[in-house]
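Residue numbers (this note's numbering): 1337 to 1746. Even glycine gets a Cβ: it sits at the ideal position worked out from N, Cα and C. Keep in mind it's a predicted model, so treat the numbers as computed, not measured.
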């Protein structure tokens, strides 16, 4: 779906429309499937892993098809993210960034610092000479995105949530197209054409074909567990922005089940494993506490019920694996966007949402008990999530960019 750009008289949209006429000829190569592909794409990733990892997935897909992507990184995690990108064979550059403005003084400081960041970004972009720039969102990405616009480089945007962020709404007036992970709840603020293309994710996630028995076998070998594929497995995790609310409630809720015929995997998050081990101590069911993992595809494939936050990547991954989920939105997410993400997932019947402020141990225990009484019914509900899944999101976003390039060349 998309809607045409709105009528504007403020000059922003007109300037964006003029970008193509000021751009030099694009250089196209051929994809492995025979289609055309833009050669040089700069992907701007600012802030958290929620912006970085989808951008990295697009870069890997682009490189896999013969392209030459580069990632521009901004924000406090840029150094660590650069190491990860370089480990994937993706060239990266670290740029200065401007934090989100707060208050009048903060806004003035943001504007002044942004001007400096824009000038620095222009230098880097001139050196790379990209055919297009793809911004993955956040205020950290604003300066490089505006720099691309001032140079006449076509700007594309990706947003990873059902509620479009303020930075992306602002940048949309400079953009040719916005690719969305989910249908937007606030599309009236978008100032360019948009398409629901999905959330880019690793090939190990998007292309996973493990059945439960295979996944449980891998899980046991990697963690030293002795789980059975014949019993229900509940997967619990928080997310990059915290899981304290879930971690506090889960042990007591699980111990209230009074049934040993289920198993539990709980990803504690950094620094929380020891406390959870103590909380689950003496439980009459099989459980495994994992601090972190880079192989979520195994855990999703092994599980029958998922209890988690509702970040954009998590929602997209749940849809890929078609799992019924108890969703507890992170209560401090910007503009409460995790609540909108959860509503999107639950709209097909594949989940139930509990605001953390309303989630008591008894309510959580009761919902888990309902699942244990009839796991097959919940599994069937989870299959409804397949209607939301977009496993080829990275490729679709690249095609959106290529479509514009091909149009310019005609």
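Query raised in the report: Which stretch, first to last residue, makes up the beta strand (DSSP E) that contains residue 1378?
Result: Counted from its first residue, the chain shown places residue 1378 at position 42. Looking at the DSSP string, the run of the beta strand (DSSP E) that includes residue 1378 is 1377-1382.
Report task. Tell me whether residue 1559 sits in a helix, a strand or coil according to DSSP, three-state version. Result -> If you number the chain shown from 1, residue 1559 lands on position 223. Residue 1559 falls in the helix class under three-state DSSP.
Query - With 16 other Cβ atoms within 10 Å as the buried cut-off, status of residue 1606 - result: Along the chain shown, one-based indexing puts residue 1606 at 270. Its Cβ having fewer than 16 others within 10 Å, residue 1606 is exposed.
Query raised in the report: With DSSP run on the structure shown, which of helix, strand or coil describes residue 1489?
Result: Here residue 1489 corresponds to residue number 153 of the chain shown, with the count starting at 1. In this structure, residue 1489 counts as coil in the three-state DSSP scheme.
Query - Nonlocal neighbours in the same chain, by C-beta distance under 6 Å from residue 1482, ignoring five residues either side - result: As a position in the chain shown, residue 1482 is number 146, starting the count at 1. Closer than 6 Å at Cβ, skipping near neighbours: 1454.
**Report entry** 8 Å Cβ cutoff met for residue 1409 and residue 1394
**Finding:** The count along the chain shown starts at 1 and reaches residue 1409 at position 73. The count along the chain shown starts at 1 and reaches residue 1394 at position 58. The answer is no: Cβ separation not under 8 Å.
Query - Length of the line joining the Cα atoms of residue 1724 and residue 1441 - result: Taking the chain shown and counting its residues from 1, the one referred to as residue 1724 is at position 388. Taking the chain shown and counting its residues from 1, the one referred to as residue 1441 is at position 105. If you take the alpha carbons of residue 1724 and residue 1441, they lie about 43 Å apart.
Query raised in the report: Of all the options 1676, 1524 and 1698, which has the alpha carbon lying nearest to the alpha carbon of residue 1498?
Result: For this step, residue 1498 is matched to residue 162 along the chain shown. Residue 1676 is the option with its Cα nearest to residue 1498.
Requested in this report: Just grab the DSSP bridge partners of residue 1599 for me.
Outcome: In the chain shown, the residue the question calls residue 1599 occupies position 263. Under the DSSP definition of a beta bridge, residue 1599 partners with 1569 and 1622.
Query raised in the report: Should residue 1361 go down as buried or exposed, given a rule of 16 or more other Cβ atoms within 10 Å for buried?
Result: If you number the chain shown from 1, residue 1361 lands on position 25. A caution first: residue 1361 carries a pLDDT of 42, below 50, which makes its placement in the model too unreliable to give a value.
Query - Ranges of the alpha helix (DSSP H) found wholly within the segment 1453-1527, counting only runs of at least 4 - result: Those alpha helix (DSSP H) runs which fall completely within the segment 1453-1527 and span 4+ residues are 1478-1486 and 1502-1507.
**Report entry** Supposed contact pair residue 1627 and residue 1609 - C-beta distance, whole angstroms, cut 8 Å
**Finding:** Numbered from its first residue, the chain shown carries residue 1609 at position 273. Numbered from its first residue, the chain shown carries residue 1627 at position 291. About 5 Å separates the beta carbon of residue 1609 from that of residue 1627, a gap short enough to meet the 8 Å contact definition.
Report task. Name the two residues that bound the continuous beta strand (DSSP E) containing residue 1661. Result -> Taking the chain shown and counting its residues from 1, one reaches residue 1661 at position 325. Start and end: 1661-1663.
Requested in this report: Tell whether a beta-carbon distance below 8 Å holds between residue 1661 and residue 1644.
Outcome: Indexing the chain shown from 1 puts residue 1661 at position 325. Indexing the chain shown from 1 puts residue 1644 at position 308. Closer than 8 Å, so yes.
Query raised in the report: What residue range is occupied by the uninterrupted alpha helix (DSSP H) comprising residue 1657?
Result: Position 321 of the chain shown holds residue 1657. Here the alpha helix (DSSP H) through residue 1657 covers 1648-1657.
Query raised in the report: Would you call the segment 1471-1482 and the segment 1383-1400 in contact, with 3 or more CB pairs under 8 Å?
Result: yes
Query raised in the report: Residues in its own chain within less than 6 Å of residue 1518 by CB, not counting five upstream and five downstream?
Result: If you number the chain shown from 1, residue 1518 lands on position 182. For residue 1518, where only same-chain residues beyond five positions count, the Cβ hits under 6 Å are 1498 and 1680.
Report task. Answer yes or no: do residue 1533 and residue 1516 have a C-beta to C-beta separation smaller than 8 Å? Result -> Taking the chain shown and counting its residues from 1, the one referred to as residue 1533 is at position 197. Taking the chain shown and counting its residues from 1, the one referred to as residue 1516 is at position 180. Taking 8 Å as the Cβ cut-off, residue 1533 and residue 1516 qualify as a contacting pair.
Query raised in the report: Helix, strand or coil: which one does DSSP assign to residue 1446?
Result: Here residue 1446 refers to the residue found at position 110 when the chain shown is read from its first residue. Here residue 1446 sits in helix by DSSP.
**Report entry** Three-state class that DSSP yields for residue 1606 in the structure shown
**Finding:** By 1-based counting over the chain shown, the position of residue 1606 is 270. In the three-state scheme derived from DSSP, where H, G and I count as helix and E and B as strand, residue 1606 is classed as coil.
**Report entry** Cut-off 7 Å between Cβ atoms - residues of its own chain near residue 1674, not counting five sequence neighbours on either side
**Finding:** One-based indexing of the chain shown puts residue 1674 at position 338. 1645, 1646, 1647, 1665 and 1666.
Report task. Please determine if the segment 1548-1560 and the segment 1399-1416 are in contact, where contact requires at least 3 C-beta pairs separated by less than 8 Å. Result -> no
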